[in-house]
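J.: Take this structure, written in C-alpha cells, and hold onto it; I'll ask about it next.
Protein chains: 2
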Amino acid sequence: MTDIDTSPIPERKRGSGVKMVYDLLRDEILDLVLPPGSPIDEVQLAERFKMSRTPIREALVQLAGEGLIDTLPNRSTMVANIDFLNMHTFFDALVLMYRVTTKLAAQYHRPEDLKVIRAHQVEFAAAVQAQDALAMIATNAAFHSAIAEAGRNPYFTGLFNRLLDEGRRMLRLYYQSYDDRLPQRFVEEHDDIIAVIANHDVEEADRLARLHAEQIVHQIQKLFAREDRLDMAL
Amino acid sequence: MTDIDTSPIPERKRGSGVKMVYDLLRDEILDLVLPPGSPIDEVQLAERFKMSRTPIREALVQLAGEGLIDTLPNRSTMVANIDFLNMHTFFDALVLMYRVTTKLAAQYHRPEDLKVIRAHQVEFAAAVQAQDALAMIATNAAFHSAIAEAGRNPYFTGLFNRLLDEGRRMLRLYYQSYDDRLPQRFVEEHDDIIAVIANHDVEEADRLARLHAEQIVHQIQKLFAREDRLDMAL
DNA sequence: TGTATATTATTTGTCGACAAGAATTTCAGC
DNA sequence: GCTGAAATTCTTGTCGACAAATAATATACA
Chain A
1 MTDIDTSPIP
11 ERKRGSGVKM
21 VYDLLRDEIL
31 DLVLPPGSPI
41 DEVQLAERFK
51 MSRTPIREAL
61 VQLAGEGLID
71 TLPNRSTMVA
81 NIDFLNMHTF
91 FDALVLMYRV
101 TTKLAAQYHR
111 PEDLKVIRAH
121 QVEFAAAVQA
131 QDALAMIATN
141 AAFHSAIAEA
151 GRNPYFTGLF
161 NRLLDEGRRM
171 LRLYYQSYDD
181 RLPQRFVEEH
191 DDIIAVIANH
201 DVEEADRLAR
211 LHAEQIVHQI
221 QKLFAREDRL
231 DMAL
Chain B
1 MTDIDTSPIP
11 ERKRGSGVKM
21 VYDLLRDEIL
31 DLVLPPGSPI
41 DEVQLAERFK
51 MSRTPIREAL
61 VQLAGEGLID
71 TLPNRSTMVA
81 NIDFLNMHTF
91 FDALVLMYRV
101 TTKLAAQYHR
111 PEDLKVIRAH
121 QVEFAAAVQA
131 QDALAMIATN
141 AAFHSAIAEA
151 GRNPYFTGLF
161 NRLLDEGRRM
171 LRLYYQSYDD
181 RLPQRFVEEH
191 DDIIAVIANH
201 DVEEADRLAR
211 LHAEQIVHQI
221 QKLFAREDRL
231 DMAL
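As C-alpha cells, then:
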C-alpha cells in the first residue's frame, strides 16, 4: 500500500467555495467558454472543485437568479440562451442606461472619480492596441461602469452592470467576427466623453453617450443581420 | 406511549419547498411583517416548514441575491435595512422607469393589454374604496407592472418590478402613516394615464407618468422629512 | 421489425450529521 | 468587584447518503 493521502491540499477557507464556483462559472458563461445550451453537471463540478454538491448548488441558485442558467425541475440545468429575438429591447435599455449614467456622471462626479475613469480608459486603449478582445470587453465595461459609479445612483449602476454583463456574451460574438480587432474610433469617443463629464456639460454628455451607444448597437446589429443572411443561405 | 406519529402530513411535492419558503419570506419582508433587522434563523425556519436546512438555505441565497437579506459570513443573517440615506436615488430611478414604461406602453400596447390594465385599475379603485392598504399597494404595483408589460421591454419591466418591490416597504410605511387611507386623486390619475396610453399619445404619457410619479415621491418624502424631525426631537 | 411495457441507471432534491467559527458563559487571578 | 483567559454553547458551512423523478435500456408481444 502506498502512503495514504492525508489530503493536505484542501486549504480552502470555510465559506469561500460558493463564491469561487460562482465567479468562475459566471466568467466562463459570459466569456462564452461555456456556450449557451452547455449542460451543467453538479457532480462533475463537485469533483472538479473537490467539494460536495451543496455549495455547488448554492452557486447555481445564484446564477439561476441572474438568468445565466436555466434549471428544469428534476432534470438537467444548462447555460441560458442568448435572447436574439428580443435583442432590440436589450439595446434600447442599454442606450438609455448609457445616457442616464453618463448624464448623472457629468452632474455629480467628483475629481477622484475622473482619476478612476481615466485609468480605465488607459487600460482600454492598451487592450485595443494589443488587440486583446477579452481585455477590451472587460476594460470597456469597467470604463462605463466607473462612469455610472460617478453618477452615484446605485439602482442605475446595478441595472447598468447587469446589462453590461448580459451584453458581454453578444459583445464576445461581435469581437470574434472582427478577428478580435476594434477600431480606434471607440477610444476617441471615450476621450470625448471624459472631456464633457469633466466639464459638467450635462446636455453634451447625453448627446455623446447616445451617439456612442447607438454606434456600438448599430455595429452589432449589422453583424447579426449578416449572420441572419448567412443562416438563411444554408 | 401515545400513538406514534407516522407523519402522513408531509404531502409536499419534491422541489416545491424552496419556492414556498422563498415566496413566503419575500412577502413577509416586503410587507414589513419581518421588519428590517429581524434575525433570520435557519433552524427555526426548518422546523416551521418541517424540512431540512438545505432547501431553506437555497431560498435564503436567492433572497440575498435580491438584496432583501444580509448575510454575515459565519454569523447571523437578517432582513436588510431600508436605505433611507440613498432614498432620493431610488426615487430618481423610480420616476425614470415610470416615464419610460408608460411611454413605451403608449407606443407599443395592443388592445388586449388595455383590458388587463383596466382590470387592475378596477381592483385598485376597489382597494382604495375599501381602504385596504396592502391591497392598494399590491394592485397599484400590478397596475403599473401591467403598463410596463404593454411596453414590451423585458429589461425595463424587470428593473421596474424590482423597484416596485423595493418600494413596497417604503410604501407600506407611507400608507401606515395615513391610517391606511389613500386619496381618490391617485385613482383619477390612473384613469388619465390609461386614456393617453389608449390614444397612443407618447408625449402626454411621459408627462402624466412623470407627474404621477413625482406626486407619489413628493408625498413619501414629506412623510419621511416629518419623521426625521420627530427623530431629531427625541 | 416496430411498439409498448418493465427494468435499470442516472441525476436531482432532501436529509441528518458533523466540524469550524463566533458568541456566550464560566472561572481564575488580581 | 473587575479583567481576561478558558471552556461551553450555538450557529453556520459542508459533507456523504438516500430517495424521488426522470432518462435510458432491455424485454415482451404483435
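Protein chains in written order, with our numbering: chain A, 1 to 234; chain B, 1 to 234.
Think of the CB as a built atom: it goes at the ideal place given N, C-alpha and C, for glycine as much as any other residue.
Here the structure is a predicted model, which is why all the values come from computation and not from measurement.
Rounded to whole angstroms, what is the Cα-Cα separation between B/Phe90 and A/Lys50?
T.: Cα to Cα, the separation comes out at about 42 Å.
J.: With 16 as the cutoff for other CB atoms within 10 Å, does B/Ile4 come out buried or exposed?
T.: Its pLDDT being 35, under 50, B/Ile4 is placed unreliably by the model, and the measurement read from it follows with that caveat. Burial call: exposed.
J.: Would you list the residues sitting across from A/Val79 in a DSSP beta bridge?
T.: A/Val79 is bridged to A/Ile69.
J.: Restricting to Cα atoms, I'd like to know which of B/Arg99, B/Val79, B/Arg26, B/Ile29 is closest to B/Asp201.
T.: With distances taken between Cα atoms, B/Asp201 lies closest to B/Arg99.
J.: Determine the burial state of B/Leu85: buried for a count of at least 16 other Cβ atoms within 10 Å of its Cβ, exposed for fewer.
T.: By the neighbour-count rule (16 or more Cβ atoms within 10 Å), B/Leu85 is not buried but exposed.
J.: With distance defined between alpha-carbon atoms, name the residue in B/Gln176, B/Ala127, B/Ala125, B/Glu112 nearest to B/Ala198.
T.: Comparing Cα-Cα distances from B/Ala198 to each of B/Gln176, B/Ala127, B/Ala125, B/Glu112, the minimum goes to B/Glu112.
J.: Among A/Glu123, A/Asp31, A/Arg75, which one has its Cα closest to the Cα of A/Val187?
T.: It is A/Glu123 whose Cα lies nearest to the Cα of A/Val187.
J.: I'd like the list of long-range same chain contacts for B/Arg207, defined as Cβ closer than 8 Å, with 5 residues on each side in sequence excluded.
T.: Cβ neighbours of B/Arg207 beyond the five flanking positions: none.
J.: Where does B/Pro39 sit, in a helix, a strand or coil, going by DSSP?
T.: Strand.
J.: Give the C-beta separation of A/Thr157 and A/Glu149 to the nearest angstrom, bearing in mind that I take them to be a contact with Cβ-Cβ under 8 Å.
T.: So it is a contact: roughly 6 Å between Cβ atoms.
J.: Identify whether A/Gly167 lies in helix, strand or coil by the three-state DSSP scheme.
T.: DSSP places A/Gly167 in helix when its eight states are reduced to three.
J.: Does chain A have any CB closer than 8 Å to the CB of B/Thr54?
T.: With 8 Å as the cut-off, B/Thr54 counts as an interface residue toward chain A.
J.: Starting from the beta carbon of A/Gly37, find every residue of chain B whose beta carbon is closer than 9 Å, and list them in chain order.
T.: Under the 9 Å cutoff, chain B gives no residues; its nearest Cβ is about 20 Å from A/Gly37.
J.: Reducing DSSP to helix, strand and coil, say where B/Asn140 ends up.
T.: Looking at B/Asn140 - three-state DSSP - the assignment turns out to be helix.
J.: For A/Val95, is the beta carbon positioned less than 7 Å from some heavy atom of the ligand GTP?
T.: The model depicted lacks the ligand GTP and carries no ligand whatsoever.
J.: Against chain B, which members of the region 67-84 of chain A pass a CB distance test of less than 7 Å?
T.: Correct list: Pro73, Asn74.
J.: Within the continuous alpha helix (DSSP H) that includes A/Pro111, where are the two ends?
T.: It spans 111-130 - the alpha helix (DSSP H) in which A/Pro111 sits, taken as one unbroken run.
J.: What do you get for A/Val43, buried or exposed, if any count of 16 or more other CB atoms within 10 angstroms of its CB means buried?
T.: Label assigned to A/Val43: exposed.
J.: Below 8 Å, how does it come out for the region 104-111 of chain A and the region 60-72 of chain A: are there three or more Cβ pairs, yes or no?
T.: No, they do not touch.
J.: Below 7 Å on C-beta distance, what does A/Thr102 contact in chain B?
T.: Neighbours of A/Thr102 on chain B: none; closest Cβ ~14 Å, over 7 Å.
J.: Residues in the same chain with beta-carbon distance under 7 Å from A/Asp192, minus the five sequence neighbours each way, listed in chain order, please.
T.: The residues are Leu208.
J.: Please tell me whether B/Leu173 and B/Val128 are closer than 8 Å, where the distance is taken between their beta carbons.
T.: No, Cβ-Cβ distance for B/Leu173 and B/Val128 is not below 8 Å.
J.: Report, in whole angstroms, the separation of the C-beta atoms of B/Ala59 and B/Val21, which I expect to be a contact under 8 Å.
T.: With a Cβ gap of about 4 Å, B/Ala59 and B/Val21 count as contacting.
J.: Determine whether the Cβ of A/Phe143 lies closer than 8 Å to any Cβ atom of chain B.
T.: Cβ-Cβ to chain B under 8 Å: no for A/Phe143.
J.: Assign A/Asn74 to one of three DSSP states: helix, strand, or coil.
T.: Three-state result, A/Asn74: coil.
J.: Starting from A/Phe90, find everything on chain B with Cβ-Cβ shorter than 9 Å and list it in chain order.
T.: Asn153, Pro154, Tyr155, listed in chain order.
J.: Report all residues from its chain with a CB closer than 6 Å to the CB of B/Val18; omit the five preceding and five following residues, and keep chain order.
T.: Excluding positions up to five away in sequence, the list reads Pro55, Glu58, Ala59.
J.: Kindly indicate the opening and closing residues of the alpha helix (DSSP H) around A/Val95.
T.: Taken as a continuous stretch (DSSP letters only), the alpha helix (DSSP H) holding A/Val95 covers 87-108.
J.: Near A/Thr6, which residues of its chain fall below 8 Å by C-beta distance, leaving aside the five closest residues on each side in sequence?
T.: For A/Thr6, the predicted model reports a pLDDT of 39, less than 50, meaning its position is unreliable; a value from the coordinates is still stated below. So the list is empty, once near-sequence residues are dropped.
J.: Using only the alpha-carbon positions, how far apart do A/Met78 and A/Met97 sit?
T.: When rounded, the distance between both Cα atoms is 29 Å.
J.: In the structure shown, what three-state DSSP assignment does B/Ser145 receive?
T.: Reduced to three states, the DSSP call for B/Ser145 is helix.
J.: If I follow the unbroken alpha helix (DSSP H) through A/Arg26, where does it start and stop?
T.: Per DSSP, A/Arg26 belongs to the alpha helix (DSSP H) from 16-30.
J.: For B/Pro35, which residues of its own chain have a beta-carbon under 8 Å away from its beta-carbon, when the five flanking residues on both sides are left out?
T.: Excluding sequence neighbours, B/Pro35 sits near Val79.
J.: Tell me the DSSP secondary structure of A/His218 in three-state form.
T.: The answer is helix: DSSP assigns A/His218 an H, G or I state.
J.: Could you check the C-alpha separation between B/Glu28 and A/Met136 for me, to the nearest Å?
T.: Going from the Cα of B/Glu28 to the Cα of A/Met136 covers about 44 Å.
J.: Identify the contact partners of A/Arg57 in chain B, using a Cβ-Cβ distance below 8 Å as the criterion.
T.: Residues of chain B passing the Cβ test: Glu58.
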